[in-house]
């Protein structure tokens, strides 16, 4: 079995340069959100507290100026301005990061797919506005279903000639936050945020794959507790919708997760090194298998190392996915790695993996540990 130290040596799959330019103006599109039903209001409050945000631009079809007036009273240095429905272009002027929580919330019995008909159009229109008014901004999409809204935004940006895959992110941080929290309830960890669980795949139901085996805890993979934990991570949103009795979905925890990812991105874009966060991006890892977008650990601002591997194993991962989650005894052998000439700054990353004893570790190898590097 691979050691945690060995897993950490696996290199990056995409590499992009960093810059020291300060990134401070942030827009929230969908900031008005109804009380108890929207992400925008709590997210705006959390971003107002972020020291890396010097200017906060809040937009919604209704309520944004009121939210801005309220949030502006918080005694942090950043300024806040709200914009009504007909001022979207103005709201995006000079913005460097755009966070999009706009859309209808989930209701009892509603899947993320049910949200598509409404939220797809909202994201389409907002993505077009960003392309027209802030083409160089980083776009963080929260609107569900993320597995679909991110590709929609990408197509809009492509049509406008403004698409840059390094600047488009689907925010899947809530899956990571839930995994760490729920795991701590099982193993008794006092500080769940100190032992993050990498979650890969997508952002709905069975596409959410928590890589629990890399945490090194004592929970047995074939136990009922393991299965229940995986299921709870995958369907945590349903738990909240049911508990709120139809009055809303996971708005507060989602706002926290979105603010956390926004802060991570801002820190990286301001030059901080070694920041890693799972996020749903356009990935080259599995394009041959028809998987254009994939959530995996994205490392912001680390040294370059491009990996060439046998990505066809993703097909096996999905074909045998139930066995992966139960830590199947099905054996697989890791391929030998062939790396392109990477920068001399990463000599330690030039290693060959040992043999992999289980398909679950193949999943970990071909997702999380082939980290994408994304920044400006």
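In full-length UniProt numbering, the protein residues as written are 1 to 376. Glycine included, C-beta positions come from ideal geometry on N, C-alpha and C. Bear in mind that the values here come from a model prediction, so they are computed numbers and not experimental data.
Under the three-pair Cβ rule at 8 Å, the stretch 133 to 152 counts as touching the stretch 247 to 266.
Under the DSSP assignment, residue 163 falls outside any beta strand (DSSP E); it carries neither an H nor an E label. At a cut-off of 4 residues, the continuous stretches assigned as alpha helix (DSSP H) that sit fully inside the UniProt domain "Lactate/malate dehydrogenase N-terminal" (24 to 170) are 40 to 48, 64 to 71, 88 to 91, 116 to 133 and 146 to 159.
Bridge partners of residue 201 according to DSSP: 208 and 295.
Cβ contact annotation for residue 176 (same chain, cutoff 8 Å, sequence separation greater than five): 196, 197, 198, 199, 257, 277 and 278, in chain order.
Note: residue 282 is bridge-paired with 293 in the DSSP secondary-structure output.
Per DSSP, reduced to three states, the secondary structure at residue 220 is coil, with no helix or strand assignment. Assignment of residue 244 by DSSP, reduced to helix, strand and coil, places it in the coil class. Contact between the stretch 83 to 95 and the stretch 56 to 63 is present, with at least three C-beta pairs closer than 8 Å. Under the three-state reduction of DSSP output, residue 249 falls in the coil class, being neither helix nor strand. Per DSSP, reduced to three states, the secondary structure at residue 172 is coil, with no helix or strand assignment. Each residue's CA atom was taken as its position, placing residue 284 and residue 166 some 12 Å apart.
The Cβ atoms of residue 28 and residue 38 do not sit closer than 7 Å to each other. Separation of the CB atoms of residue 174 and residue 250 is rounded to 7 Å, and the pair is thereby assigned contact status at 8 Å.
Linking residue 104 to residue 116 through their CA atoms gives a straight-line distance of about 10 Å. In this structure, residue 147 sits near residue 203, with a CB-CB distance shorter than 7 Å.
Residue 134 and residue 95 have their C-alpha atoms spaced approximately 6 Å apart. Apart from the 5 residues on each side of it in sequence, residue 220 sits with its Cβ closer than 8 Å to the Cβ of 226 in its chain, given in chain order.
Within the model, the alpha-carbon separation for residue 160 versus residue 136 is close to 13 Å. In the structure shown, residue 185 adopts helical secondary structure according to DSSP, grouped into three states. Annotated as proximal: residue 233 and residue 178, with beta-carbon spacing under 7 Å.
Around the CB of residue 77, fewer than 16 other CB atoms lie within 10 Å, so the residue is classed as exposed. Going by beta carbons, residue 263 and residue 50 fall inside the 7 Å limit.
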